[in-house]
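The next block holds one structure in the form of structure tokens; read it before the comments.
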Amino acid sequence: MTGKFMSLCLAALAGISAAPLSVPPVSAAAEPAGGISVTEPAGEHYYVDKIDSAGIVGQRSDVYNISLLTEDISQTGDTSRAVFGSNASATESYIDYMLNDQDTVVAYLYETVLPGNARPEGIKLPKFSLLNTNWEVNASETEIEEGRYASPTRYTRIRLTYRLDEAVSGKTLRIHLYEQGESAALQLGRVEIYNSAETERKVRYAESGAFSVSGWITPQDVGIGEMSDTVDFENAMANMAASGINFSLPNIWEGDTLFYRQRLVYTCNKLGMQTLVYDADLIRYLAGASYDEATARQMVESYASEASFAGHFIMDEPNGEQLQRLKLAAERYRRLLPGKIFYVNLFPDYVRPDYEVYLDEYFDTVGGDRISYDYYVLQGHSASEYNMKTTHLRNLDTAAKKAKEKGAALYTIIASTGHMNEWDGVYLRNIESKADLGFQAYSAMAYGIKGLTWFTYLSMDDGRYGEQPGMYDKYGNKTKVYDYVSELNADIRAFSDVYC
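Just remember that my numbering sits 315 ahead of the position in the sequence shown, which is counted from 1.
Structure below.
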């Protein structure tokens, strides 16, 4: 299918081609300064236990709902591997793991942040024992990423690593969890147990190219969301780059603070990626009656000159009235940050049947040199139901012609996860193969898109986007879709210079 279809795609480009983008997807200045080095445990002896205080009972066999202070046990989890217990006289709880050719334990904890970013007093960190060998030994390494008291609160993350001298099987490793001096001062979030000989240390960075491949959604800041976010930020971003994604679209959430925007931009600098950022305050200010450009410049000055910063994510799927309200903001933004992207993503035609009118509204208000919209063509309520939305190619044709008329580049967002479409109540089915992704990508490329976005990269915390996660689940694990997308991105990159 691929060879014949690709010939068709490339032949179609001669008829409909969008104008080149004025800001390249990845600039030469954004080449990685060494990338990001990550440790990737692998093999059959890698075990992950997600201990989530906000978890759902019965969610997974290896999830525990444990409060270290109240000893509230709502699920035992995988009893073949781990057992939760308590010793009231010693004011401690513990988790016992039966080792299986493993020598390394990593525990992630979240610590409450007090006013003034102070740390609680009397914190007693977990210790480790190999039963019948040693007792209550301190961690080999302790890493602390300090939190933030200001809203949104970001808990301090503590990463404890305990290493044995050699891999052990058939013995019990105990993690001792002690009573804390202050209520809810410390919570356990995730435990990794593995054989260090099976780990790989890899340097990750993005492959630059003329074709833009984006991933939407980026990880939240650590310690936000009732500790349900057990995703390591840098590791998740590094693996985004390793998958062939060279452009990042952040989640749209009110917790996107200046600290987070800076962190996202600086991390993408290391990876050789470009990224948009989201700033709700800036968006409101740009449209406000009291707007002052000098003040707006102060709001962006800490990251605006960074090589990875490509612009701002302004709004997703605006209606006509919202587009009108964005007109003044777009004009001010282009004076404030010339050459940067004022990113607005549009509805598909199954939401706006008068689609050409809608596109004209966009160009009359926001305008610019790009047009982006989302369309999720695959649908079906079960694994055996394989249907498609019927206006997919028509939508591409309409958008491509309008982009050519306006001298704009065309971008599209396509599905890498199943989810319920709130607009028509249709379930957009799970991704079952690389071909599911290839059909979406190559059909869009046949109409001259200059870049595509996978929705989603990271799964949403609340799980509202269906049974299947995106490329990265909310516990920090790669999914089968990650592999499908990585392979397809590599296929596209192989001919992207000719295509573009």
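Think of the CB as a built atom: it goes at the ideal place given N, C-alpha and C, for glycine as much as any other residue.
Going by other Cβ atoms of all chains shown within 10 Å of its Cβ, with 16 needed for buried, is residue i buried or exposed?
i, result
"Ala609", "exposed"
"Arg667", "buried"
"Met555", "buried"
"Ala465", "exposed"
"Asn590", "The question names Asn, but residue 590 in the sequence shown is Thr. With 16 or more other Cβ atoms within 10 Å, it is buried."
"Asn710", "buried"
"Val428", "buried"
"Met703", "exposed"
"Arg519", "buried"
"Val672", "exposed"
"Thr732", "buried"
"Asp364", "buried"
"Ser774", "buried"
"Phe443", "buried"
"Leu492", "buried"
"Thr471", "buried"
"Leu767", "buried"
"Leu446", "exposed"
"Gly485", "exposed"
In the DSSP assignment, what residue or residues form a beta bridge with residue i?
i, result
"Val528", "Leu767"
"Ile351", "Arg519"
"Tyr493", "Glu407"
"Leu429", "Ala433"
"Phe624", "Thr590"
"Gln613", "Beta-bridge pairing links Gln613 to no other residue."
"Ile508", "Tyr362 and Val420"
"Val800", "Paired residues: none, contrary to the question."
"Val483", "Gln417"
"Lys793", "Tyr787"
"Leu503", "Leu424"
"Asn710", "DSSP output for Asn710 lists no bridge partner at all."
Using beta-carbon positions only, say whether residue i and residue j come within less than 7 Å of one another.
i, j, result
"Val813", "Trp769", "no"
"Gly508", "Tyr690", "A quick correction: the sequence has Ile, not Gly, at residue 508. Cβ atoms of Ile508 and Tyr690: not closer than 7 Å."
"Ala482", "Asp571", "no"
"Cys815", "Ala512", "no"
"Ala619", "Val506", "no"
"Leu586", "Ala521", "yes"
"Asp664", "Thr706", "yes"
"Asn584", "Glu621", "yes"
"Leu818", "Trp531", "Nothing in the structure corresponds to residue 818, since the chain is present only between 316 and 815."
"Ile459", "Leu424", "no"
"Ile656", "Ala625", "yes"
"Val681", "Leu651", "no"
"Ala723", "Asp679", "no"
"Leu708", "Ala715", "no"
"Thr457", "Thr354", "no"
"Ala617", "Gln577", "Note that residue 617 corresponds to Ser in the displayed sequence, not to Ala. In contact: Ser617 and Gln577 (Cβ atoms closer than 7 Å)."
"Leu573", "Ala602", "no"
"Glu436", "Gly496", "yes"
Quick check: what's the CA-CA separation for residue i versus residue j?
i, j, result
"Asn415", "Arg516", "22 Å"
"Thr582", "Ser352", "12 Å"
"Pro784", "Leu803", "18 Å"
"Ser376", "Phe628", "Confidence at Ser376 is low in this model, with a pLDDT of 28, below 50, so the placement of that residue is unreliable and no value is reported for it."
"Arg808", "Gln755", "16 Å"
"Ala604", "Ile598", "13 Å"
"Phe662", "Val615", "28 Å"
"Phe562", "Gln637", "26 Å"
"Gln502", "Tyr772", "27 Å"
"Leu479", "Asn745", "41 Å"
"Thr713", "Thr476", "55 Å"
"Tyr648", "Ala454", "50 Å"
"Pro633", "Ile490", "50 Å"
"Asn432", "Ser811", "48 Å"
"Ala551", "Gly358", "19 Å"
"Glu549", "Lys439", "27 Å"
"His734", "Tyr742", "6 Å"
"Ser523", "Asp798", "19 Å"
"Pro335", "Gly740", "Because Pro335 sits at a pLDDT of 27, beneath the cut-off of 50, its placement in the model cannot be relied upon, and the following sentence gives the value as read from the coordinates. Roughly 36 Å between the two C-alpha positions."
"Asp751", "Asp675", "31 Å"
"Thr794", "Ala718", "35 Å"
"Val796", "Gly695", "18 Å"
"Gly654", "Val452", "56 Å"
"Asn510", "Asp547", "20 Å"
"Gly753", "His360", "33 Å"
Please indicate yes or no: does the CB of residue i lie closer than 6 Å to some heavy atom of the ligand FAD?
i, result
"Ala625", "The ligand FAD is not part of this structure, which contains no ligands at all."
Those runs of the beta strand (DSSP E) which lie wholly inside the region 534 to 604 and span at least 3 residues: You should have 589 to 592.
Residue ranges of each beta strand (DSSP E) within the region 630 to 692, 3 or longer: DSSP runs (the beta strand (DSSP E)) wholly in the region 630 to 692: 656 to 661 and 685 to 689.
Within the region 438 to 479, ranges of the beta strand (DSSP E) (whole runs, at least 3 residues): Within the region 438 to 479, the runs of beta strand (DSSP E) that reach at least 3 residues and sit entirely inside it are, in chain order, 442 to 445 and 456 to 460.
Every unbroken beta strand (DSSP E) inside the region 719 to 763 [3 residues or more]: Positions of the beta strand (DSSP E) runs, each at least 3 residues long and wholly inside the region 719 to 763, are given as 724 to 730, 734 to 736 and 741 to 743 in order along the chain.
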